[in-house]
Amino acid sequence: MSSRRKVREPKEETTTLGPVVQDEEHVFGVAHTFASFNHTFIHVTDLSRRETMVRITGGMKVKADRDESSPYAAMLAAQDELRITALHIKLRATGGNKTKTPGPGAQSALKALARSGMKIGRIEDVTPILTDSTRRKGGRRGRSYKLAHYVLENLSF
Numbered sequence: 001m002s003s004r005r006k007v008r009e010p011k012e013e014t015t016t017l018g019p020v021v022q023d024e025e026h027v028f029g030v031a032h033t034f035a036s037f038n039h040t041f042i043h044v045t046d047l048s049r050r051e052t053m054v055r056i057t058g059g060m061k062v063k064a065d066r067d068e069s070s071p072y073a074a075m076l077a078a079q080d081e082l083r084i085t086a087l088h089i090k091l092r093a094t095g096g097n098k099t100k101t102p103g104p105g106a107q108s109a110l111k112a113l114a115r116s117g118m119k120i121g122r123i124e125d126v127t128p129i130l131t132d133s134t135r136r137k138g139g140r141r142g143r144s145y146k147l148a149h150y151v152l153e154n155l156s157f
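Residue numbers (UniProt numbering): 1 to 157.
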């Protein structure tokens, strides 16, 4: 006797990433944007900040190292989102005893998110600011003075 095996056809299951959304309903996420003068990071999480939706850097979008912090790289990074219709934005610069000013990619990342149809909830600056007086690197007279002094001592005319 020959036994006939029943051949099961694989069922095509559609998997969707992100939350289930009804029409006219906003799904909020939090976009943590770190913009230094060398790089731009955009990290999108859910409201509890436990689950990462997207994490994109400027270096993933452009090839040259000098373009990682550029507004163009930040704009490309901001366009990769995942079924989120509204965002709260937390903007961060280097902070501490270094610069408190966000880099050039911060403003263009924010503009790219707004122009892509994303609803913007709150924009918050979360740059760490010192409350005590930690000394900055470079010494009393700064880095440029030491360099110029060293060059003048070691050159022979």
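Ideal placement from N, C-alpha and C gives every residue a C-beta, glycine not left out.
Are residue i and residue j touching if we call contact CB-CB under 7 angstroms?
{"i": "Phe28", "j": "Leu47", "result": "yes"}
{"i": "Ala114", "j": "Ile120", "result": "yes"}
{"i": "Ala93", "j": "Thr40", "result": "no"}
{"i": "Ala64", "j": "Ile42", "result": "no"}
{"i": "Glu51", "j": "Gly59", "result": "no"}
With DSSP collapsed to three states, give me the class of residue i.
{"i": "Glu124", "result": "strand"}
{"i": "Arg55", "result": "strand"}
{"i": "Leu87", "result": "strand"}
{"i": "Gly105", "result": "helix"}
{"i": "Ala93", "result": "coil"}
{"i": "Lys119", "result": "strand"}
Please name the residue in the options whose C-alpha comes closest to that of residue i.
{"i": "Glu25", "options": "Lys137, Ala86 and Ile129", "result": "Ala86"}
{"i": "Val30", "options": "Pro104, Phe37, His39 and Val44", "result": "Val44"}
{"i": "Pro71", "options": "Ser36, Asn154 and Thr134", "result": "Ser36"}
{"i": "Ile129", "options": "Gly138, Leu76, Gly139 and Pro102", "result": "Pro102"}
{"i": "Thr131", "options": "Gly95, Glu153, Gly139 and Ser108", "result": "Gly95"}
{"i": "Met118", "options": "Arg8, Ile84, Gln22 and Lys11", "result": "Ile84"}
{"i": "Arg66", "options": "Thr99, Leu91, Lys6 and Gly105", "result": "Gly105"}
{"i": "Ala109", "options": "Gly139, Leu91 and Val62", "result": "Leu91"}
Short of 6 angstroms in beta carbon distance, which residues of its chain neighbour residue i, apart from the five on each side in sequence? Order them along the chain.
{"i": "Thr134", "result": "Asn97"}
{"i": "Ile89", "result": "Ala31 and Ile123"}
{"i": "Arg136", "result": "Asn97"}
{"i": "Lys100", "result": "Ala93 and Thr127"}
Flag residue i as yes if its beta-carbon sits less than 7 angstroms from any beta-carbon of chain D, otherwise no.
{"i": "Gly103", "result": "No chain D appears in the structure shown, which is made up of a single protein chain."}
* Does the region 116-131 come close enough to the region 51-69 to have 3 or more Cβ pairs within less than 8 angstroms? -> The region 116-131 makes no contact with the region 51-69: fewer than 3 CB pairs, one atom from each, lie closer than 8 angstroms.
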